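Q:
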Amino acid sequence: MNKREDIKKTYKLYIGGKFPRTESGRYIKWIDQKQSTQVNICRGSRKDFRNAVVAAREALCGWSSRTAYNRSQILYRIGEMLEGRRSQFLDELILQGSSKKEAEKEINHSIDRLIYYAGWADKYQQIFSRVNPVALPYFNFSYLDPTGVVSAIAPNDSSLIGLVSIIAPIISGGNTVVVLASEENPLCAITFAEVLHTSDVPGGVVNILTGHRSELIGQFSSHMDVNAIVYCGNETEEIKLVQENAALNVKRPIVYSDENWLDKNTQDPYRILNTLETKTTWHPVGV
Amino acid sequence: METFVNRIDQVGVQERVARLFSRSIKKESKINALHTVLSMIDLTTLEGKDSPGKVKQLCYKAVHLHDQFPSLPSVAAICVYPTMVPIAKKALENTNINVASVATAFPSGMASLEYKLNEVKMVVADGADEVDMVISRGKFLRGEYTYVADEISAVKEACGKAHLKVILETGELVTLDNVRLASDIAMKAGADFIKTSTGKVSPAATPPVVLVMLEAIRDYYKKTGKKIGMKPAGGISKAKLAIQYLVMIKETLGQDWLHADLFRFGASSLANDVLMQIVKQSTSVYQSANYFSMD
Chain A
1 MNKREDIKKT YKLYIGGKFP RTESGRYIKW IDQKQSTQVN ICRGSRKDFR NAVVAAREAL
61 CGWSSRTAYN RSQILYRIGE MLEGRRSQFL DELILQGSSK KEAEKEINHS IDRLIYYAGW
121 ADKYQQIFSR VNPVALPYFN FSYLDPTGVV SAIAPNDSSL IGLVSIIAPI ISGGNTVVVL
181 ASEENPLCAI TFAEVLHTSD VPGGVVNILT GHRSELIGQF SSHMDVNAIV YCGNETEEIK
241 LVQENAALNV KRPIVYSDEN WLDKNTQDPY RILNTLETKT TWHPVGV
Chain B
288 METFVNRIDQ VGVQERVARL FSRSIKKESK INALHTVLSM IDLTTLEGKD SPGKVKQLCY
348 KAVHLHDQFP SLPSVAAICV YPTMVPIAKK ALENTNINVA SVATAFPSGM ASLEYKLNEV
408 KMVVADGADE VDMVISRGKF LRGEYTYVAD EISAVKEACG KAHLKVILET GELVTLDNVR
468 LASDIAMKAG ADFIKTSTGK VSPAATPPVV LVMLEAIRDY YKKTGKKIGM KPAGGISKAK
528 LAIQYLVMIK ETLGQDWLHA DLFRFGASSL ANDVLMQIVK QSTSVYQSAN YFSMD
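Residue numbers (the numbering used here), protein chains in the order written: chain A, 1 to 287; chain B, 288 to 582.
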């Protein structure tokens with residue numbers, strides 16, 4: 001009897017709701033620690049990033065004008081979908097070197113984190129908006145608007161929970177995002193894109209690239225059409241570069257260093273606020 | 288009237304387009320190409336809601352494309368509706384930017400010849416340097432080619448010194464055979480330029496249509512020695528596509544046509560994309576539309 005050949009998944013990028021290969025045609029060989037499995041991962045280029053930013057910009061208006069309730073539902077839906085594909089993530093996390101127990105814990109936390117930010121999506125506005133006391137006949141109030149297109153360098157050391165912890169607060173606030181997945185453990189990122197793709201997340205709201213951090217960080221931080229950058233890591237040189245480049249168009253730089261993403265302390269509504277802008281209105285009242 | 292017999296090989300055209308569009312233009316050639324594209328743009332505003340303020344702003348933009356880069360060429364012309372011609376003319380005093388006006392009951396062309404000729408005379412009297420007319424597509428599709436040709440000739444006469452661009456509205460001509468036939472008729476009837484579209488009908492300028500029209504121009508030049516200009520319009524908003532068109536002209540018609548006298552892009556948002564690419568080339572940083580004037 002002939003032995004059946006397994007059909008292996010091609011790991012591609014996720015841009016504008018589609019799964020293209022990198023325009024550069026370059027690949028990175030990824031081999032698991034036990035040397036049992038080899039996968040070709042797209043080595044994303046600056047042009048892939050450029051295309052992703054165009055997609056994110058196009059998606060911004062539609063996503064930010066959804067009702068908070070609808071964004072909340074969609075985030076919840078991502079959690080549901082992730083739950084349904086648990087076993088696939090389990091396999092990949094184990095392939096990336098986690099024990100079964102660790103992998104299960106990471107998946108549980110990732111789902112819970114999505115539900116957490118789904119809950120906050122329609123609550124942060126009323127909690128953090130305010131009426132400001134002013135000594136003039138004005139009704140003065142502040143509320144929160146999405147910053148816009150956000151680029152994000154996901155944590156290198158944790159693949160799934162890190163990615164989810166970065167993406168969820170950004171999109172729950174109505175922003176769109178282009179995220180560079182963990183360079184060391186990129187498998188989950190693309191599988192997570194498949195989850196997003198089946199969760200009513202409109203194309204372009206989340207774009208996921210794989211590739212070398214050192215090659216792309218300059219582009220992620222300098223692009224003039226990106227309004228904020230989230231950087232995860234401890235490299236002083238990289239943080240300096242991100243902050244300097246961010247000054248080009250005064251994009252908001254947000255740096256998360258030394259985070260244990262499995263810790264509950266790494267989830268809070270202030271992380272949503274990090275990519276929101278406060279808008280204040282002066283409205284004249286009675287004479 | 289002499290009959291034109293030209294059968295277009297549609298598959299051949301598509302293959303040729305695919306081959307030409309696979310060329311990659313990089314670095315210095317790209318910068319040169321981007322500058323050339325800018326100099327060929329007819330900066331256009333053709334909307335029912337156009338106001339004198341909008342036209343003045345567009346004229347200002349034509350003169351000051353991006354002041355941080357003083358060496359940029361200016362666009363070739365401003366293209367507006369007839370009532371806006373005096374405003375554009377005044378705003379562009381002392382510049383070498385032409386004013387083009389659409390006329391002949393643009394965009395439909397559904398009006399009597401007398402009405403059309405009056406409109407053309409009016410815009411020329413108001414100072415339009417170029418007139419963009421539309422052909423009567425209904426008549427053309429009914430086979431009344433002589434009517435179409437006579438109409439173009441009459442409009443050409445009414446133009447006087449103004450240049451005449453003839454809009455074929457290829458999106459309504461259905462087949463490439465028709466596009467070629469309409470091109471031949473327009474050139475023979477006195478067009479200085481042939482132009483693909485009004486921008487009001489989809490599809491507008493498509494690469495196969497442009498190639499067929501360029502080949503018509505080439506054949507006409509070979510037969511008569513007369514150089515007719517070409518203007519694709521509608522749907523060209525990205526620098527990359529514009530550069531691909533430059534490749535197509537160069538390969539089909541040669542170097543002579545790579546000039547605003549013989550080639551134009553009818554576009555509103557193309558200029559900003561080209562500017563963004565030029566700034567990208569000099570700063571290595573991808574640009575945002577937020578930092579360029581509105582169009």
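We treat Cβ as the ideally placed atom computed from N, Cα and C, and that holds for glycine.
Every value quoted in this text rests on a predicted model; they were computed, and no experiment measured them.
Between which two residues does the beta strand (DSSP E) containing threonine 280/A stretch?
A: Segment 276–284, the beta strand (DSSP E) holding threonine 280/A.
Q: Contact check, alanine 135/A vs arginine 71/A under 8 Å by CB: the rounded distance?
A: So it is not a contact: roughly 37 Å between Cβ atoms.
Q: Starting from asparagine 51/A, find everything on chain B with Cβ-Cβ shorter than 9 Å and list it in chain order.
A: Residues of chain B passing the Cβ test: none, with the nearest at roughly 11 Å.
Q: How would you list, in chain order, the residues of chain B whose beta-carbon sits under 7 Å from the beta-carbon of serine 222/A?
A: Correct list: Val572.
Q: In whole angstroms, what separates the C-alpha of asparagine 29/A from that of glutamine 38/A?
A: Note that residue 29/A corresponds to lysine in the displayed sequence, not to asparagine. Approximately 7 Å between the Cα atoms of the pair.
Q: Determine, using beta carbons only, whether aspartate 225/A comes closer than 8 Å to chain B.
A: Answer yes: the Cβ-Cβ gap between aspartate 225/A and chain B drops below 8 Å somewhere.
Q: Alpha carbons only, please: which of Asn559/B, Lys510/B, Glu456/B and Val435/B is nearest the one belonging to leucine 352/B?
A: When each option's Cα is compared against that of leucine 352/B, the closest is Asn559/B.
Q: Is the region 56–65 of chain A close to the region 238–253 of chain A, with three or more CB pairs under 8 Å?
A: No, they do not touch.
Q: Is methionine 288/B buried or exposed, if buried means 16 or more other CB atoms sit within 10 Å of its CB?
A: Confidence at methionine 288/B is low in this model, with a pLDDT of 47, below 50, so its placement is unreliable and no value can be given for it.
Q: Determine which residues of the region 247–267 of chain A have a Cβ less than 9 Å from any Cβ of chain B, and write them out in chain order.
A: Cβ contacts with chain B: Leu248 and Asn249.
Q: Taking DSSP as the reference, what is the three-state secondary structure of glutamate 184/A?
A: Reduced to three states, the DSSP call for glutamate 184/A is coil.
Q: Three or more C-beta pairs closer than 8 Å, one from the region 307–326 of chain B and one from the region 335–349 of chain B: is that the case here?
A: No, because fewer than three Cβ pairs between the region 307–326 of chain B and the region 335–349 of chain B fall closer than 8 Å, the two stretches do not touch.
Q: Would a C-beta distance cut-off of 8 Å place alanine 181/A and leucine 209/A closer than the cut-off?
A: Yes; because the gap between Cβ atoms is below 8 Å, this pair is in contact.
Q: Where does glutamate 380/B land, buried or exposed, given buried means 16+ other C-beta within 10 angstroms?
A: By the 10 Å Cβ count, glutamate 380/B comes out exposed.
Q: Should glutamate 334/B be labelled buried (16 or more other beta-carbon atoms within 10 Å of its own) or exposed?
A: With fewer than 16 Cβ atoms within 10 Å of its Cβ, glutamate 334/B is classed as exposed.
Q: Counting only beta-carbon separations shorter than 8 Å, does tyrosine 347/B have a partner in chain A?
A: Judged by the 8 Å Cβ criterion, tyrosine 347/B is not in contact with chain A.
Q: Are three or more beta carbon pairs between the region 563–575 of chain B and the region 482–498 of chain B nearer than 8 Å?
A: Judged by Cβ distances under 8 Å, the region 563–575 of chain B makes no contact with the region 482–498 of chain B, as fewer than three pairs qualify.
Q: Give the straight-line distance between the Cα atoms of methionine 327/B and leucine 557/B, rounded to the nearest whole angstrom.
A: The straight-line gap from Cα to Cα measures roughly 11 Å.
Q: Can you grab the Cα-Cα spacing for the pair isoleucine 153/A / alanine 228/A, in whole Å?
A: So the two alpha carbons sit approximately 11 Å from each other.
Q: What does the alpha-carbon distance come out to for the pair glutamate 235/A and serine 99/A?
A: Approximately 27 Å, taken between the alpha carbons.
Q: If you measure beta-carbon to beta-carbon, which residues of the region 297–322 of chain B are closer than 9 Å to chain A?
A: So the list is empty, because no residue satisfies the distance condition.
Q: In the region 205–236 of chain A, which residue ranges form an unbroken alpha helix (DSSP H) of at least 4 residues, counting only runs that do not cross its ends?
A: Whole alpha helix (DSSP H) segments, 4+ residues: 213–222.
Q: Within a Cβ cutoff of 7 Å, which residues of the same chain sit near tyrosine 573/B, ignoring the five residues on either side of it in sequence?
A: Once the five neighbours on either side are set aside, the close Cβ partners of tyrosine 573/B are Lys567.
Q: According to DSSP, simplified to helix, strand and coil, what is tryptophan 261/A?
A: If DSSP states are grouped into helix, strand and coil, tryptophan 261/A belongs with coil.
Q: When the Cα atoms are used, what is the spatial distance from glutamate 538/B to phenylalanine 308/B?
A: Approximately 11 Å between the Cα atoms of the pair.
Q: Is the shortest distance between the beta-carbon of aspartate 582/B and the beta-carbons of chain A less than 8 Å?
A: Output row for aspartate 582/B: interface = no.
Q: With a threshold of 7 Å on Cβ separation, who are the neighbours of valine 410/B within its own chain once the five nearest residues in sequence on each side are excluded?
A: These residues qualify, in order along the chain: Pro369, Val372, Ser388, Ala390 and Val418.
Q: What do you get for valine 178/A, buried or exposed, if any count of 16 or more other CB atoms within 10 angstroms of its CB means buried?
A: Classification for valine 178/A: buried.
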